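In our numbering, the protein residues as written are 18 to 211.
Shown next, in the form of structure tokens:
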């Protein structure tokens, strides 16, 4: 993750960007965030990349975490399935464990896109064998992120409440043999936007 200002990358028509209101107090995130997205696409397969950014008072945006999910594995890694074009499906995009404190006045930004080449391999936007696909197998696709009561796209954030700070969190990462309670708060996109 880094200190570079990435705000210029959030202006294209190939990204969906949600930015919270400024925090009125310092906020700590410790654990593994995840995005739950409801997306309809014209493709039969796609990648979903979700980034979390800290946005300072000047508008500079720095990456603090990211995750990627491939649509064909939305139900099972061992039994991939093509996407039905036009159908709204739920996708869970997990992110790496993190611990970051954002001071009062900063905002959290969620960026959703269908690719991040060259950080991740290019996706042909179709349900094909990815090891043998040729350039002619790549296609453009339209993706729509849905939110609201019927399609509650949201970000699940591991928020550490102020009264818990300074204490030791036994294990904020989900290793099965070491599971300990991790404080998490689900925020809908509407709540993040105020």
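C-beta atoms are modelled at their ideal positions from N, C-alpha and C, and glycine is treated no differently. Please read all numbers here as calculations on a predicted model, not as lab measurements.
Since residue i contacts residue j with CB under 8 Å, what's their CB separation in whole angstroms?
i	j	result
residue 110	residue 68	Incorrect: roughly 10 Å between the Cβ atoms, too far for contact.
residue 161	residue 56	7 Å
residue 124	residue 132	25 Å between Cβ atoms; not a contact.
residue 102	residue 59	5 Å
residue 168	residue 105	6 Å
Which residue from the options puts its Cα closest to that of residue i?
i	options	result
residue 86	179, 54, 59	54
residue 145	165, 63, 76	63
residue 122	136, 43, 33	43
residue 65	150, 127, 149	127
residue 74	157, 107, 36, 104	36
residue 47	155, 151, 152, 117	117
residue 40	49, 71, 34	71
residue 176	119, 89, 151	119
residue 178	149, 45, 34	45
residue 174	163, 38, 49	49
residue 38	76, 31, 32	76
Helix, strand or coil: which one does DSSP assign to residue i?
i	result
residue 76	coil
residue 153	helix
residue 212	For the chain, the structure presents residues 18 to 211; residue 212 sits outside this window and is missing.
residue 108	strand
residue 94	coil
residue 124	strand
residue 113	coil
residue 52	strand
residue 86	strand
residue 211	In this prediction, residue 211 scores a pLDDT of 48, lower than 50, which makes its location untrustworthy; no coordinate-derived value is stated.
Does the beta-carbon of residue i have 16 or more other beta-carbons within 10 angstroms, so that it is buried, or is it exposed?
i	result
residue 171	buried
residue 95	exposed
residue 142	buried
residue 91	buried
residue 61	buried
residue 134	exposed
residue 156	exposed
residue 108	buried
residue 89	buried
residue 93	exposed
residue 153	exposed
Can you find a CB in chain D that lies within less than 8 Å of the CB of residue i?
i	result
residue 112	Absent from the structure is chain D; it holds one protein chain and no more.
Item to complete: Could you tell me whether the stretch 95-114 touches the stretch 73-85, using the rule of 3 or more Cβ pairs below 8 Å?
Response: yes
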